[in-house]
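Following: one structure in structure tokens, then a few remarks.
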Amino acid sequence: AQSVTQPDIHITVSEGASLELRCNYSYGATPYLFWYVQSPGQGLQLLLKYFSGDTLVQGIKGFEAEFKRSQSSFNLRKPSVHWSDAAEYFCAVGQGTGTASKLTFGTGTRLQVTL
Amino acid sequence: IAGITQAPTSQILAAGRRMTLRCTQDMRHNAMYWYRQDLGLGLRLIHYSNTAGTTGKGEVPDGYSVSRANTDDFPLTLASAVPSQTSVYFCASSKERGSYEQFFGPGTRLTVL
Numbered sequence: 002a003q004s005v006t007q008p009d010i011h012i013t014v015s016e017g018a019s020l021e022l023r024c025n026y027s028y029g030a031t032p033y034l035f036w037y038v039q040s041p042g043q044g045l046q047l048l049l050k051y052f053s054g055d056t057l058v059q060g061i062k063g064f065e066a067e068f069k070r071s072q073s074s075f076n077l078r079k080p081s082v083h084w085s086d087a088a089e090y091f092c093a094v095g096q097g098t099g100t101a102s103k104l105t106f107g108t109g110t111r112l113q114v115t116l
Numbered sequence: 155i156a157g158i159t160q161a162p163t164s165q166i167l168a169a170g171r172r173m174t175l176r177c178t179q180d181m182r183h184n185a186m187y188w189y190r191q192d193l194g195l196g197l198r199l200i201h202y203s204n205t206a207g208t209t210g211k212g213e214v215p216d217g218y219s220v221s222r223a224n225t226d227d228f229p230l231t232l233a234s235a236v237p238s239q240t241s242v243y244f245c246a247s248s249k250e251r252g253s254y255e256q257f258f259g260p261g262t263r264l265t266v267l
């Protein structure tokens, strides 16, 4: 069965500093990979996705993620964090197609940004 | 365009009571989902619907039921609430099952005492 691990429960960075949130997945075939962000009191919003092709994908709000098959990782990065990036971030892996598809979420990483 | 709306925003409920969480989308998406979010567990799928008139069980369906009478609405019912159902519930939709880009509602915070 597929699974997603986000090793960091909570990360604190200073505004303007770079950010990397870790995500590791377990899945036999080529995965579909996603990062979602949840701002306080809000639902989840899709940041970016990887289906195939270029392993470095760009998303909204200046985020990017790199798929590394050899490491089973899909880490999220941002060169310079803004205070408004404080939120919870979820990595997710998709399996299958059509009505048999399943999306599995990690447990999330809470990002705190200090001024 | 509202996207997905959920009601109520929050609710405190006595154990044993029946409760229906409402979810409405205006994007004409075929697929809809109900998740619960618990600290340390992430989001877990309760039930889903691939299209109006069909529903299916997710990862944690026990104690919950859903219906999909039309495209827009996907209510979640707790027939007899228990304290372990205290959680934040999110409704989501996607254009098709398997399109993976899911759009989420703002959530309902439910406390069962």
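In the order they appear, the protein sequences are chains B and U. Going by this note's numbering, the first sequence opens with residue 2, and the numbers climb by one from there. Going by this note's numbering, the second sequence opens with residue 155, and the numbers climb by one from there. Idealized CB from N, CA, C, for every residue including glycine. Keep in mind it's a predicted model, so treat the numbers as computed, not measured.
With H, G and I counted as helix, E and B as strand and the rest as coil, what does DSSP make of T208 of chain U? Translated into positions along the second sequence, residue 208 of chain U becomes position 54. Note: T208 of chain U maps to coil in three-state DSSP.
Suppose the cutoff is 7 Å on Cβ atoms and the five residues either side in sequence are ignored; what does the same chain contact list for S238 of chain U look like? Numbered from its first residue, the second sequence carries residue 238 of chain U at position 84. Cβ within range, chain order: n/a, list empty.
Would you kindly report the start and end of the unbroken beta strand (DSSP E) that includes D216 of chain U? Taking the second sequence and counting its residues from 1, one reaches residue 216 of chain U at position 62. Premise fails: D216 of chain U is in no beta strand (DSSP E) and is neither H nor E.
Using alpha carbons as the reference points, say which of B:V58, B:F35, B:S19 and B:G44 lies closest to Q96 of chain B. One-based indexing of the first sequence puts residue 96 of chain B at position 95. Minimum Cα-Cα distance from Q96 of chain B among the listed residues B:V58, B:F35, B:S19 and B:G44 corresponds to B:F35.
Along chain B, which residues have their Cβ under 9 Å away from the Cβ of P260 of chain U? Counting from 1 along the second sequence, the entry for residue 260 of chain U is found at position 106. Within chain B, the C-beta atoms nearer than 9 Å to that of P260 of chain U come from G42, Q43 and G44, in chain order.
Please state whether DSSP places G196 of chain U in a helix, a strand or coil. Here residue 196 of chain U is taken as the residue at index 42 of the second sequence, counted from 1. G196 of chain U falls in the strand class under three-state DSSP.
Beta bridge counterpart(s) of D227 of chain U as assigned by DSSP: Within the second sequence, numbered from 1, the residue matching residue 227 of chain U stands at position 73. Bridge pairing for D227 of chain U: U:T178 [DSSP].
Mind pulling the chain U residues with CB within less than 7 Å of T108 of chain B? The residue given as residue 108 of chain B occupies position 107 in the first sequence. Those are G194, L195 and G196, listed as they occur along chain U.
Which term fits N224 of chain U, buried or exposed, when burial requires 16 or more other beta carbons within 10 angstroms of its beta carbon? For this step, residue 224 of chain U is matched to residue 70 along the second sequence. N224 of chain U should be labelled exposed.
At the 8 Å Cβ level, is Y218 of chain U part of the contact set with chain B, yes or no? Residue 218 of chain U sits at position 64 when you count from the first residue of the second sequence. Y218 of chain U does not count as touching chain B.
Is A30 of chain B near the ligand NAP, with its Cβ less than 7 Å from a heavy atom? The ligand NAP is absent from the structure shown, which contains no ligands of any kind.
What runs of the beta strand (DSSP E), each 3 residues or longer, lie entirely inside the segment 13–60 of chain B? For the segment 13–60 of chain B, whole beta strand (DSSP E) runs of length 3 or above, ordered along the chain, are 20–22, 25–27, 33–39, 45–51 and 57–59.
Only counting the same chain, and skipping five residues up and downstream in sequence, which positions put a Cβ closer than 7 Å to that of G109 of chain B? In the first sequence, residue 109 of chain B corresponds to position 108, counting from 1. In its chain, beyond the 5 residues on either side, Q7, E89, Y90 and F91 have a beta carbon closer than 7 Å to the beta carbon of G109 of chain B.
In chain B, which residues lie less than 8 Å from Q256 of chain U when you measure between Cβ atoms? On the second sequence, residue 256 of chain U is found 102 positions in, with the first residue counted as 1. Here the neighbours are L45, L47 and L104.
Classify A169 of chain U as helix, strand or coil using the three-state DSSP reduction. The residue labelled residue 169 of chain U in the question sits at position 15 within the second sequence. Coil at A169 of chain U, not helix or strand.
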